[in-house]
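With full-length UniProt numbering, the residue at position 339 of the sequence shown is 339, and numbering never jumps.
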Amino acid sequence: MVYTLKNLEFMQGVEPFRAEEQGAELKENEEEENQMISAETDAGMSLMLEWKMRLSEDSDMCTTCNCPVDFGDRSVILEHYQSLFHRTNTLRKAKNQPVYTEEDFEGTEKDEHDLSTTHAIIGLESDDEEFDALLLPANRSFFVKDERVFSVPRNILHIDESEVSSTTFLRPFDCAIFLWNGGHFAAAMFENDRMTVQKSFHRYVARAKQGGVQSQHDSGGKGAAKSAGAQLRRYNEQKMKEEIQQIMSSWKPRLQKTPLLFIRCAAYHRNVFFDADAGIESRDTRIRTIPFETKRPNIEEIEETWRRLQHVSEHGTSSEFKEEMREVREKRKRLARKVAGKKRKDGGMQMICEWSEDEEENGENQGKREKRMHHIKVRTIRKSEDTPVQWPQLDDEWRQKTYNLIRQDDVDTLKQHIQNLNEDVIPDAIDYLKTAKIPPNRSTFLHVSAASGSKKCLKYLLDDIRCDSGAKDGAGLPPYSSCPNSEIKSIFIDYRVENESVGNWGRTHIPEPKKKVELTEEQEKEQAERKKEKKMRQKEKEKTKKEEARKEAEEAAEREKYVKMSEREKRAMAVDRRLAGLPPVMRCHQCGTLLPPTPFQYSHFNFCTTSCVAEHRKANP
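Given below as structure tokens:
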């Protein structure tokens, strides 16, 4: 059954779900477990105590509890740091709470701090109620009705409400909802369970096929784009912000009265709502987030969001829900014990403190002791064995030269470079070429030769050195993935053809070579005809190009000849063509190009462009 805020059965008899009810049932069983956990963690605290003793060796005060401690007696130090008083104060200080004095601590009940300190050691929360409450989803508010547990989104509660009550279901669900994603915006206000005002619009602000608004791309470090589309998107984004602020300003009286404001937009757009003259500030306690995903902003999605916010979830009976909480609680405890046990098995973690000799000699001075604390470096060291240096007989100069020769594709010098080594060192050199990992990307020499396009060295490494073509670099990619072009890829493919039966080619990413398909006699004849037709078309195309080039050369010669003619010769040529019954040749008087249908004219001269007119006037003032 689907429940909403409008279900009549929730109008009365609703009680908040109390986590402490379960905590009382489990309290006795947990006391024994807490003692066991405390005993297990005491051994692991010894390393931390050593560190704290060193930090406080020049003082007689515990910096956490602000109480005197005799640091000359090791047993007193251990007793203080393992005491419930110190551990409780450590937890309170971590939570930015005031620490207890010895008098205040003695006056508190043991149950107030005992469980909280024990749970804090293994990473759990303070007491039963707080721990059980954290098992519940933080974005839901739980309540009980007729021994059944329900929940609603916590952010639908008003400012003056901390828990769900019958009042939550008696009042109308009044709110304002704003959805803004990319260039789509939709907003609406609800009063007395109905939509009173609404507005939606769209503008082109997102970059096609790339996502993100133009302003985010401009602020990405690459500089502002100067294309027409980028300018249009910037303009639309600015106009969109202005329109939203106008809507907020026009709705100001309604917005000041509404109890809840739901806003869904990108973080860099939130200030648009607060900059508007609508009386809404970023610290407004009415502002809520929407606890689920929404689709493209429009009025239909606004209505769907309003309905989903009123949805009430059912979690079964109280006993079933509490049993589920117990299972989650036990699972977390088992995980905490497992982590603590693993740390003890691995020998724990050592806290190493380093400081300069000058500061150590002047430890008696309180001011310098505080200054020294700023220079303490704390690092975690795990037990590990030093890995032996590989190929000790190959010095750094030899390795660097090998790397450079491969990048330069100088395979002959590379072979000679290897042969110059002693015979007993050559196997190490071959192994170095096969297995060396070159920083910073842990690339092999196959990766280097493939990425740099060294075809000769690549063939040498594959065929002669027999390097592993499936070796991965730091990014988990084989050498074939580093190929910059098809020529380098073809070398890997040919290598696979020659060694198809050797190795697992799937991990190399080298594709399987295309198999030759045997054609029938008829298919071969058709293929030959297609090739013949293609060849004929190619010849015809080349013939056409030659003819066009010849005509262009003739036209260029005519143009040059016309430009060199004097005015008298040009007029004589025009008369000769007219007497011969030929059409006149209309050419530009300046450059000799054939004139367009509507030439540029001044006096009795004709020109193809205005630039030719200007040049002629400049030459003939």
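Where a beta carbon is used, it is the ideal one built from N, C-alpha and C, also for glycine.
Assigned exposure category for A186 - 16 Cβ within 10 Å defines buried: If you number the sequence shown from 1, residue 186 lands on position 186. A186 is classed as buried because its beta carbon has at least 16 other beta carbons within 10 Å across all chains shown.
Can you check DSSP and say which residues form a bridge with I177? Sequence index remark: in the sequence shown, residue 177 carries index 177 (1-based). A188, F262.
Exposure label - F292; buried when at least 16 CB within 10 Å: Within the sequence shown, numbered from 1, the residue matching residue 292 stands at position 292. It counts as exposed.
Nearest to V411 by CA position, among C457, R140, K437, D396, is which residue? Here residue 411 refers to the residue found at position 411 of the sequence shown. Residue C457 is the option with its Cα nearest to V411.
Going along the chain, which residues of its own chain have a beta-carbon closer than 7 Å to the beta-carbon of T610, five neighbours each way excluded? Along the sequence shown, one-based indexing puts residue 610 at 610. Around T610, the same chain offers F600 as residues with beta carbons nearer than 7 Å, after the five sequence neighbours per side are excluded.
Spatial distance of S481 from S490 (CA atoms): Here residue 481 refers to the residue found at position 481 when the sequence shown is read from its first residue. Here residue 490 refers to the residue found at position 490 when the sequence shown is read from its first residue. S481 and S490: Cα-Cα distance of roughly 13 Å.
What does the alpha-carbon distance come out to for the pair T64 and R254? Numbered from 1 along the sequence shown, position 64 holds the residue referred to as residue 64. Numbered from 1 along the sequence shown, position 254 holds the residue referred to as residue 254. Taking the straight line joining both Cα atoms gives about 52 Å.
What are the start and end residues of each continuous alpha helix (DSSP H) run of 4 or more residues lying completely inside the region 381-455, in chain order? Counting whole runs of 4 or more residues, the region 381-455 contains the alpha helix (DSSP H) stretches 396-408, 411-419, 426-435, 445-451.
Contact under 8 Å by Cβ, L433 with A471: As a first step, residue 433 must be located in the sequence shown, where it is residue number 433. As a first step, residue 471 must be located in the sequence shown, where it is residue number 471. Their beta carbons are not under 8 Å apart, which means L433 does not touch A471 by this criterion.
From which residue to which residue does the beta strand (DSSP E) around K541 run? Within the sequence shown, residue 541 is the residue found at index 541, counting from 1. From DSSP, K541 is part of no beta strand (DSSP E) but of the alpha helix (DSSP H) over 521-564.
Compute the distance between the beta-carbons of L260 and R288, then report whether it is under 8 Å. For the purposes of this step, residue 260 is identified with residue 260 of the sequence shown, where counting begins at 1. For the purposes of this step, residue 288 is identified with residue 288 of the sequence shown, where counting begins at 1. Contact: yes.
DSSP puts V213 in a beta bridge; with which residues? Counting from 1 along the sequence shown, the entry for residue 213 is found at position 213. Answer is A206.
Would you tell me roughly how many angstroms separate the C-alpha atoms of D494 and A553, rounded to the nearest one? Reading the sequence shown from its first residue, position 494 is the one you call residue 494. Reading the sequence shown from its first residue, position 553 is the one you call residue 553. Going from the Cα of D494 to the Cα of A553 covers about 48 Å.
So, with DSSP's three-state summary, where would you put F492? The residue labelled residue 492 in the question sits at position 492 within the sequence shown. The DSSP-derived three-state label of F492 is helix.
Rounded to the nearest angstrom, what separates E191 and S313 at their Cα positions? Taking the sequence shown and counting its residues from 1, one reaches residue 191 at position 191. Taking the sequence shown and counting its residues from 1, one reaches residue 313 at position 313. Just so you know, the alpha carbons of E191 and S313 end up roughly 24 Å apart.
Backbone CA spacing between E533 and E542 [nearest angstrom]: Mapped onto the sequence shown, residue 533 falls at position 533. Mapped onto the sequence shown, residue 542 falls at position 542. Approximately 14 Å between the Cα atoms of the pair.
Using only the alpha-carbon positions, how far apart do F131 and R329 sit? Residue numbering aside, residue 131 sits at position 131 when the sequence shown is read from its first letter. Residue numbering aside, residue 329 sits at position 329 when the sequence shown is read from its first letter. Model confidence at F131 stands at a pLDDT of 44, short of 50, so the residue's coordinates are unreliable; what they give is reported in the following sentence. Their backbone Cα atoms lie some 9 Å apart in a straight line.
Between the Cα of residue 624 and those of E147, K322, A224, N298, spot the shortest distance and give me the residue it belongs to. With the chain running from 1 to 621 in the structure shown, residue 624 is simply not present.
Exposure label - K322; buried when at least 16 CB within 10 Å: Stepping through the sequence shown from its first residue, residue 322 is reached at position 322. Within a 10 Å sphere around the beta-carbon of K322 sit 16 or more other beta-carbons, which makes this residue buried.
Residue nearest to I406 in terms of C-alpha spacing, selected from T444, P440, P427, D424: Residue numbering aside, residue 406 sits at position 406 when the sequence shown is read from its first letter. Checking every option, the nearest Cα to that of I406 belongs to T444.
Would you check if the region 265-282 and the region 170-182 touch, i.e. whether three or more CB-CB distances between them fall below 8 Å? Verdict: yes, contact present.
Does the Cβ-Cβ distance between Q393 and D428 come in under 8 Å? Sequence index remark: in the sequence shown, residue 393 carries index 393 (1-based). Sequence index remark: in the sequence shown, residue 428 carries index 428 (1-based). Yes.
Output the boundary residues of the beta strand (DSSP E) element that contains F143. Here the question's residue 143 lines up with position 143 in the sequence shown. Boundaries of the beta strand (DSSP E) harbouring F143: 140-145, taken from the DSSP string.
Let's test the definition: count the other Cβ atoms within 10 Å of the Cβ of S469 and tell me whether it reaches 16, buried, or not, exposed. Stepping through the sequence shown from its first residue, residue 469 is reached at position 469. Buried.
Which residues does DSSP list as the beta-bridge partners of F600? The residue given as residue 600 occupies position 600 in the sequence shown. DSSP, once it has assigned bridges, lists F607 as partnering F600.
For the candidate residues K515, E303, N422, whose alpha-carbon lies nearest to that of A188? Here residue 188 is taken as the residue at index 188 of the sequence shown, counted from 1. Residue nearest to A188 within the set K515, E303, N422 is E303 (criterion: CA-CA distance).
Using only alpha-carbon positions, find the residue among P596, E423, S318, D473 that is nearest to P440. One-based indexing of the sequence shown puts residue 440 at position 440. Comparing Cα-Cα distances from P440 to each of P596, E423, S318, D473, the minimum goes to D473.
Determine the contact status of I247 and V272, defining contact as a CB-CB distance below 8 Å. Here residue 247 corresponds to residue number 247 of the sequence shown, with the count starting at 1. Here residue 272 corresponds to residue number 272 of the sequence shown, with the count starting at 1. Not a contact, by the Cβ cut-off of 8 Å.
What does a CB cutoff of less than 7 Å around L462 pick up in its chain, not counting 5 residues either side in sequence? Counting from 1 along the sequence shown, the entry for residue 462 is found at position 462. Excluding positions up to five away in sequence, the list reads S469, Y495.
Kindly indicate which three-state DSSP category M61 falls into: helix, strand or coil? On the sequence shown, residue 61 is found 61 positions in, with the first residue counted as 1. Residue state, collapsed to three classes: strand.
Which of the three DSSP states is assigned to Q238 in this structure? Residue 238 sits at position 238 when you count from the first residue of the sequence shown. Here Q238 sits in helix by DSSP.
Given a threshold of 16 other Cβ atoms within 10 Å of its Cβ, counted over all protein chains shown, does M240 qualify as buried or as exposed? Position 240 of the sequence shown, counted from the start, is the residue given in the question as residue 240. Buried, since its Cβ has 16 or more Cβ neighbours within 10 Å.
Whole angstroms are fine: how far does the CA of F492 sit from the CA of I510? Locating residue 510 in the sequence shown gives position 510, counting from the first residue. Locating residue 492 in the sequence shown gives position 492, counting from the first residue. About 7 Å.
Host beta strand (DSSP E) of L312 (start-end): Along the sequence shown, one-based indexing puts residue 312 at 312. For clarity, residue 312 is Val in the given sequence; the question names Leu instead. It spans 311-317 - the beta strand (DSSP E) in which V312 sits, taken as one unbroken run.
Count the other C-beta atoms from every protein chain shown that fall within 10 angstroms of the C-beta of L309, then say buried if there are 16 or more, exposed otherwise. Numbered from its first residue, the sequence shown carries residue 309 at position 309. L309 should be labelled buried.
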